[in-house]
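What follows is one structure encoded as C-alpha cells, with my remarks underneath.
Protein chains: 6
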Amino acid sequence: MHRLLYKDIVERALTEDLGSEDCTTGSVFSGEEGKAVIVAKESGVLAGLPVAEEVFAQVNRQISFLTAFQDGDIINTGDCVASLEGPIAAILMGERVALNFLQRMSGIATATRAAVEIIRGTRARITDTRKTTPGLRILEKYAVRTGGGVNHRFNLADMVLIKDNHIRGAGSIREAVARVRRCCGFPVKIEVETETLDEVKEAVACGVDIIMLDNMTTSQMDEAVNLIDGRALVEASGGISRERLTEVAATGVDLISLGYLTNKSRALDLSLKLY
Amino acid sequence: MHRLLYKDIVERALTEDLGSEDCTTGSVFSGEEGKAVIVAKESGVLAGLPVAEEVFAQVNRQISFLTAFQDGDIINTGDCVASLEGPIAAILMGERVALNFLQRMSGIATATRAAVEIIRGTRARITDTRKTTPGLRILEKYAVRTGGGVNHRFNLADMVLIKDNHIRGAGSIREAVARVRRCCGFPVKIEVETETLDEVKEAVACGVDIIMLDNMTTSQMDEAVNLIDGRALVEASGGISRERLTEVAATGVDLISLGYLTNKSRALDLSLKLY
Amino acid sequence: MHRLLYKDIVERALTEDLGSEDCTTGSVFSGEEGKAVIVAKESGVLAGLPVAEEVFAQVNRQISFLTAFQDGDIINTGDCVASLEGPIAAILMGERVALNFLQRMSGIATATRAAVEIIRGTRARITDTRKTTPGLRILEKYAVRTGGGVNHRFNLADMVLIKDNHIRGAGSIREAVARVRRCCGFPVKIEVETETLDEVKEAVACGVDIIMLDNMTTSQMDEAVNLIDGRALVEASGGISRERLTEVAATGVDLISLGYLTNKSRALDLSLKLY
Amino acid sequence: MHRLLYKDIVERALTEDLGSEDCTTGSVFSGEEGKAVIVAKESGVLAGLPVAEEVFAQVNRQISFLTAFQDGDIINTGDCVASLEGPIAAILMGERVALNFLQRMSGIATATRAAVEIIRGTRARITDTRKTTPGLRILEKYAVRTGGGVNHRFNLADMVLIKDNHIRGAGSIREAVARVRRCCGFPVKIEVETETLDEVKEAVACGVDIIMLDNMTTSQMDEAVNLIDGRALVEASGGISRERLTEVAATGVDLISLGYLTNKSRALDLSLKLY
Amino acid sequence: MHRLLYKDIVERALTEDLGSEDCTTGSVFSGEEGKAVIVAKESGVLAGLPVAEEVFAQVNRQISFLTAFQDGDIINTGDCVASLEGPIAAILMGERVALNFLQRMSGIATATRAAVEIIRGTRARITDTRKTTPGLRILEKYAVRTGGGVNHRFNLADMVLIKDNHIRGAGSIREAVARVRRCCGFPVKIEVETETLDEVKEAVACGVDIIMLDNMTTSQMDEAVNLIDGRALVEASGGISRERLTEVAATGVDLISLGYLTNKSRALDLSLKLY
Amino acid sequence: MHRLLYKDIVERALTEDLGSEDCTTGSVFSGEEGKAVIVAKESGVLAGLPVAEEVFAQVNRQISFLTAFQDGDIINTGDCVASLEGPIAAILMGERVALNFLQRMSGIATATRAAVEIIRGTRARITDTRKTTPGLRILEKYAVRTGGGVNHRFNLADMVLIKDNHIRGAGSIREAVARVRRCCGFPVKIEVETETLDEVKEAVACGVDIIMLDNMTTSQMDEAVNLIDGRALVEASGGISRERLTEVAATGVDLISLGYLTNKSRALDLSLKLY
C-alpha cells in the first residue's frame, strides 16, 4: 500500500485529534526524550504498521519507530508490537491516533484470518464488500488482504455487479448483461447477483465471469455450484455468519463475501506505554 | 450538527465509492425515475438521517428524501426509515454510501442507548472516549449524544486530562496540576486519571474538576466516591464491559466512559429497496 | 459522467484563469445582460457539453446554457453548439475556460471517431491508453467513449497489465502470471504484453484474459490471432498510426489501442460570440 | 519555476494514475533495486525535468534521478535523457506519470523552438495564449519559455486585453480604454485587439501599450505596423499557421501569438527502459 | 470581486470558529426565526458586504441578507448596515465571522479614504503594498480599491519591482533592468526602487515604467520629480505617515504607497443585534 | 504550537504571494548564495519565529535559519532577530511572507505585553476574544500567550458563553443555563454575560463557572466583584481601552478581555537585509 494512499487520511486524523493544541502534554513536558512500546493486550493478526509509523512521522520526524513484526504476523498478549524513541510530548500526541488506526485495522485482519482458518482446505476464499467505513476503504481492504482474504471490487467502476435492482430495471439478466456489454469497457469483469436457480441458469447462459448466490440456503448453493460447473466463479453472499462458513465452503463456492469483516469489526486491544 | 461539519466527509466518501464511474447503473438506466425505501432489518436507535440526506443531495439535487423519523427515535424491524424519489441511477449510486453512514451511526447510538438503559435511575451518565474512527469523530460523538450519552472531550485541546504518563513526567499529580494551571487557559477543565486511592486523595487536594478512576475494582470505586464526596465529578473508566455497568453505576460515579461504543460498534442492519 | 468527477477540475481551471480578478471585463461591463453562442469553426464530434455548462454555472448561476446537441453528435462548421444568456461579464469570464475544455474533449472525440470509422465492419474496437493529460484522465477517457471508442484501464489498479519489465523481473510470463494470481483480487482481468509469437504461446497457455501484441508487424499479428484463436481478447498496440489502422484491423484483433488519441490530439476549433 | 507551483499538480497526477494500488508491479516485485533510463525516441527540445524528478521523488525518496541535460537543451533520438536508480516497483509506478509530463512539456517546447527558428533574424518574438490545458497552464507557459518563446499574460488579471466584445460593450475603443484606466491598477499594461486599420488608429490615439492585429492579412499587417510606428508593441494574432510565420514576421510585428503551441501540441516521444 | 475568490476563505473562517459545534446556541435555540441588524458604532467607509453575505449564506441558505448600502458608501454611527432574517441559531453562528470580515475590510477602506481625502486635488493616488494579512490579500486589496485607492501589484509575478537587493545583486540598475528584459514577459511593467538622485537618473535612462522614490526627503522627491519629468510614473514610498501625506503629494508624485493601510489597520466598530 | 497547525497557512500565504513566478528575482539571480538578517526597527515582544522559519523551509530546504531569541523575548531597535544563509533568490522570495507573519504576531504579542505590564501586581490576567483575523486565529491566540496573556475560548464549541441574545431567547439566565446543562457536555465550562447587578446575582445563583461583566462602569464592577465573592471567575469585557486597564484591574476581576489586541493590532516594524 503506497504512502500516497494514506498520508492525507493520517493528516486529517491528527488535526482532528489535536484541535488547537495538546495543552496537557505541552504543559507537563518540554523537550524530554523518552521511550515507549506498543503492547498487545490480546492476540490477533497485526495490520497497519506503516500507517502507525506515518502517524508518528507526521507528528515529529525525530521519533524512531522500530518493530520486529510485519503486517500479517500473529501477535500474542504481551508482545511488544513496536518500540518508539523520541520527544515524549510528540509520542503522546501521536499515541491515540496511531492506536486508533492500528487497532481497527488489526481487528479487521484478525476477523478475516479467523474466517480464512475455518474454511482452510476448501476451494473457497474469503472476500470483502463495499460495507466499509466511509473514507477508510483503502485501509480496510488492505487489512482484509493482510488477514488472508482477497479483495472484492474497490468501487463502482472496478467491476460490473448486476444486482436485483438492475435486473428489474432491464427486465431480465440477459438484457442487463447485454446493456452492460454495450457500454462498459472490456477491462471490467461482469458479476450477476442471483436469488434463484433459474436466475443462475440465465446468468450461466450469458457467459458472465462471476455469479453471486445471494441469500441462498446451503442446499440451493449446492445445486447452483453443480449447475454452474466451473463456467463462472461462484460467490456466496448475504449475511453469512461465522457459524455457517463451514457448510457454505463445503458447497464448492469459490468466494464467500462477508460484510461483517468491516462493518461489525471490533478493534484489537493494544496500548502504548512509556517506560 | 451543522452541515459544514460533514459535507466534506460525505464528498470524500462518495468519490471513494464512485471511482471513475458507476458503469453498471450507467449502462442499465438512463434517466428513469423511481422510488425507494430504506428499511430497518433489526431494531435500534436511528442516527445519521441528515448525513444520509446529504449523501443523496450531493449525488443529485432532484432526489427527494422524506422521513417520519428523527435521529434518536427507536426503529423496529420492518420500519420504513426514509423514502426516496428521483432518478433511479442516482438513488443506486448513493445507496451504499448513505447506508454505510446510517448503519454505523445507528449502531453506535443503539449501543449507547443500551448502556443508558442499564444504568437508568442512577446518577451516572454514559460518556465516550477518543477511541473513534479516524476522520469520523464528529459523526460518532454525535451518534453517542443521539443515543442518550454525553460527550467527553472532542480533542486534545478541549480539556486537560492528566494521565499516568503525565503524572510520571511531572513527578506527582500536584506538580502536574500546577504546571497545567500555569500554562493552560481558564476555559478548560482539568481531569486527573487515578489508579489508587492515594492518587484520588491527591487529586481531590488539588481541587481538580473531574477525577477518573482508571481500572479500579468496584469496591475501590465505592471508596473513591466516598472520598471525593462531591468535590469533583467522578468518571469510571477502563475496559468496563456491558455486564459490569450496573454495579459500577451503583457506586455513585457521575460518568462511565465506554470505549466500546465507538471501537467495537456493529452496524445496524438497514437496506434500501427500489419498488 | 457524474458531476462529482469534474466539479473540482472546473473550479481549479477557473481560479487558474481568473487570477486576482478579470479587470478588463470588470471595468467595461457592470451588470448588462446579453446573449452569446458557441459556434463550430470546423466539423467534428462534440464532447464536453456538461463540463462547459458546469464552467458557466460556477461563474454565475444566472447564466442559462441551452443546446440542441448532445455529446457524441457530429457538428459542422457554422453550427451553433450552444447558446448562453445572462450577465455579459460572467459569460466572458467563463468563455476561455469553457472553450478550453470543450475544444480539447471534442478534439479527442473527433480523432477517436475518425479511427472508429476507418475500421468499421471489422471486429476491432478502438481503445485508449494511460498517455493522458495529467489530472484530466477522467475527461479524456470520457471523450474517447463519446467518440465511439472503448476505454482501456483507468489506472494501475483497474486491471493487471504484465509488461516486458514485469516479465523480465519475474523471469517468465508464466511466473509473472502466477505471482499476479497469488496477489491480485479476482475482480481484475489479466493482460500480458507480448513481443514474439513464443510469448504469445506462453500467454495463451497461462489462460490470461487479454494478450497485447506490442510493436508487431501485420503478418506477425496475423499469426498471433490464429494462434490465440479466440482463447483471449487480442489487443494490437505500439505506435499504430492512422494509416496502418485498416491492415491492423484486418488481422482480426479485438482491440487497437492508440496513444495518439490523447497525447497528440488537436483541439477542435470553436469560438464564442456575443450578439 | 518554483516547486510550490507544481507539487500539487504532480500529486494529483500520481493519485489519478495509482487508483487503489498498482497490483501488477506489487505482485511481481518486492523491493528489488534496479536502474532505468529515459530515452528519446525522436529529437526535440527538452522541458519538464524538474517535474519528472518531482514525480519520482513523491513516489519514493530513494530513487535517484540524474541527468546531463537541462530544460531547453536539444535532444536527439537515442539520447539518454535521464537515468534512475532505486526500487524497481517505485520506478515503474512513476514511469507513466513522469513521461506524460515530460512528453507534453517537451512537445510544447519543441513546437515553440521550431517557430522561433523560422523567424530568427526578425524583430518578432513568439508568444503564447490562454488556450492551455485546464490546470496545467503554469507548466505549459514554462514550456513555451523553455522553447524560446515569451509568455503572454497568465490570467485575466495580469494585463488588460480589450477584445471585440469589450469594444462593442463600451461603444468604442476610446471609451473602453477610458473605463479600464479608471478601474484598473497602474501595474497592468493595456492591449487592444483590432480588426481594421481604423481601429488601429484609434488604439494608437489612446496611447495603449500593445496593439493586437487580429486575423489580418499580411498586407494589412504591413500597413498597421507602419501606422503604429513604434508607438506601441504590435502583436499578430489569429490562427497564424506555421507556414505563414515567415511573412508575418517580415511585416515588422513585435509579437506573434500562436494558440497551436498549447492546444494542438503533440507529445515528444520518450520512453523509460529498465536495464 | 468574484465569489470564487473568497468562498474558500469564508468556509475556512467558519469552520475555524465553529469547532465541533456551537453548543451554547444549539442548547438555547431550536429553530426559532428572528431578525437582526448590523449596526455601525462609528463612522467610516463600508467594505465587505458580499463577503458578509457569503458567510451567512454558507451557514444557512434560509437567512435573508438585505442592505441599503453598497461597498464604498460612507456609514455613520447608528446606521443599519444590513438586516438579516432567518433562523436565530444560524444568525448567531455567522455573527462573529461576518463581523470579523466586515470590520477589518471596512477599517482598511476607511483608512484608505482618509488618505485619499488628504491628497485630493493633487495628481497623486494612494496605493497599497504587499504588507497584507497572509491569506487575505485579495480581500484587503479590494478594500483599498473600495476606499478609493489603486492597487499596486498583487504578487511577485504581476510586475517587476527591482529593489536594492536586486540592484546590488546585478551590479547596477542598468544591468538589473537588462536581465529582467531578457527574462520577463512583455506584459509586465518594470519598476525600479531608487534611494538617490543618481539612481533616479540611471532608472530614467533605462526607460523603466515606474520609479519608486524610497525613503527620500520631501526636497529630494521634488528634485526627483523634476528630473523624471513625466518619463515614468513616480511612486513615493517608505514609511510615509498620514501627517506627511500633504507635502509628499505636493511634490507631484503619481503614487504614494502606504503599508499602514493593511498592516496597521484598525477594525471599524460594528455590531449585530437581534430584535 | 505544533507545525501541523500552521503549515497549510504558510503554504497558502506563499502561493498567494508568488503568483505564477517571481520574475524579478528569477531574472537577476541564478543560484548565488548569500546571507541576510532580520532586523528590529522598533522594540517589542517577538512572536512567530517558528512560523517564519517554516516559510523559508517551504521556499527552500537549503536556507539555514538561526536566531539567538525565542518567542516571548523582548527585542530592541537594531537587534538582529534572525540570520539566514542560502540561495539569495529563495531568501528574497520568502522575505515578505515571513515578515508579514512575524510582524503581525509580534505586534499582537507586544500589545498584550503592554497590557500585562499595566496590571502587573493585581490578580487580573489579560485575555483575548474571537475578534481575530479570519483563518489566523491559531497564530493570533498563540501571540497573545506569547505576550503573557491567557487565551479565552478558541471557538464556539470550547466553552459555553451565554450572551444577551441567548438570555433573551431562553427568557432568563436560569433557563438558559438549565438548557445548556441539559445539552452540553460536562467538559465545557459555562460563562454568562451580565449587564446589571441583578443579572450578576442570578448568574451566581446558577453556579456558573465564569461571569462576564459587560460594558459596566468601574463602580459597577466593584460591586459585582463583591457580590460574586469568589464563587466564580470574573471577566471584565466590553471596549476596555488601555487607559482604563488600571482601574478595571483594581476592582479585583480575574480576567480582562481585550478585543483590540487582535483587531486593532499594528505590525511590529522589522526588515530583512541582505549583506
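Which chain is which? The protein sequence lines are A, B, C, D, E and F, in order.
Residue 194 in my numbering sits at position 110 of the first sequence, and the numbers go up by one each step.
Residue 249 in my numbering sits at position 165 of the second sequence, and the numbers go up by one each step.
Residue 351 in my numbering sits at position 267 of the third sequence, and the numbers go up by one each step.
Residue 103 in my numbering sits at position 19 of the fourth sequence, and the numbers go up by one each step.
Residue 306 in my numbering sits at position 222 of the fifth sequence, and the numbers go up by one each step.
Residue 305 in my numbering sits at position 221 of the sixth sequence, and the numbers go up by one each step.
All C-beta atoms, glycine included, are put in the ideal place defined by N, C-alpha and C.
Predicted model, so just to flag it, every value in this text is computed and none were measured.
According to DSSP, residue pairing for GLY170(B) in a beta bridge involves GLY118(B). What GLU279(C) touches in chain E, judged by beta-carbon distance under 9 Å, is nothing: the nearest beta carbon there is about 47 Å away. A Cβ-Cβ separation of about 7 Å places GLY231(C) in contact with VAL200(C) under the 8 Å criterion. Just so you know, the alpha carbons of VAL264(B) and PHE270(B) end up roughly 10 Å apart. Approximately 6 Å separates the beta-carbon atoms of GLY219(D) and ALA97(C); this is inside 8 Å, confirming the contact. Shown here, ILE246(E) sits in a strand according to DSSP, grouped into three states. In the structure shown, MET296(E) adopts extended strand secondary structure according to DSSP, grouped into three states.
Non-local beta-carbon contacts of LEU150(B) in its own chain, meaning distances under 6 Å to residues more than five positions away in sequence, involve SER167 in chain order. Annotation: LEU240(D) is outside any beta strand (DSSP E) and is labelled neither H nor E by DSSP.
By the Cβ rule, the segment 325–340 of chain C does not count as touching the segment 182–194 of chain D, because fewer than three pairs are nearer than 8 Å. At a cut-off of 7 Å between C-beta atoms, LEU186(B) does not count as an interface residue with respect to chain E. Rounded to whole angstroms, the separation of the alpha carbons of GLN154(C) and LEU133(C) is 7 Å. Distance from the CA atom of ASN184(F) to the CA atom of LYS215(E), rounded to whole angstroms, is 6 Å.
For MET243(D), the nearest beta carbon of chain E is closer than 7 Å to its own beta carbon. Around the beta-carbon of SER321(B), 16 or more other beta-carbon atoms lie within 10 Å, marking it buried. For ASN235(B), the nearest CB of chain F lies under 7 Å from its own CB, placing it at the interface with that chain. Straight across, the Cα-Cα distance linking THR280(A) with GLU327(A) is about 23 Å. Excluding residues up to 5 positions away in sequence, ASP212, THR216, ASN235 and PHE238 lie with their Cβ nearer than 8 Å to the Cβ of LYS225(E) in the same chain. A Cβ-Cβ contact shorter than 7 Å links ALA182(D) with ALA136(D).
Listed in chain order, the non-local C-beta contacts of GLU105(C) below 8 Å within the same chain number zero, local neighbours out to five positions each way being set aside.
DSSP places LYS357(B) in no alpha helix (DSSP H) but in the uninterrupted beta strand (DSSP E) bounded by 354–358.
The segment 167–177 of chain E makes contact with the segment 104–119 of chain E, as at least three CB pairs between them are under 8 Å. For PHE238(C), the residues of chain A that pass the 8 Å Cβ criterion are ALA241, in the order they occur in the chain. Assigned with DSSP and collapsed to three states, GLY110(E) falls in helix. For LEU339(A), the enclosing beta strand (DSSP E) has its first and last residue at 339–341. For LYS215(C), there are no C-beta contacts with chain A under 8 Å, since the nearest C-beta of that chain is about 16 Å from it. For ALA124(F), the secondary structure class from DSSP, reduced to helix, strand or coil, is strand. Nearest to GLU117(C) by alpha-carbon distance, out of SER148(C), VAL129(C) and VAL123(C), is SER148(C). If you compare the alpha carbons of VAL94(C), LEU358(C), VAL121(C) and VAL129(C) with that of GLY233(C), the shortest gap goes to VAL129(C). Proximity of GLY269(B) to chain F, defined by a Cβ-Cβ separation below 7 Å, is satisfied.
Contact note: LYS247(A) does not reach chain C at a C-beta cutoff of 7 Å; the least C-beta distance is about 15 Å. For SER341(A), the nearest beta carbon of chain B is not closer than 7 Å to its own beta carbon. Within the segment 98–117 of chain A, contact with chain F at the beta-carbon level (separation under 8 Å) is assigned to LEU98, THR99, LEU102, GLY103, SER104, GLU105 and ASP106. When DSSP states are grouped into helix, strand and coil, ILE147(C) belongs to the coil group. When DSSP states are grouped into helix, strand and coil, THR211(B) belongs to the strand group. For LYS357(D), the number of other beta carbons within 10 angstroms of its own is below 16, and it is reported as exposed.
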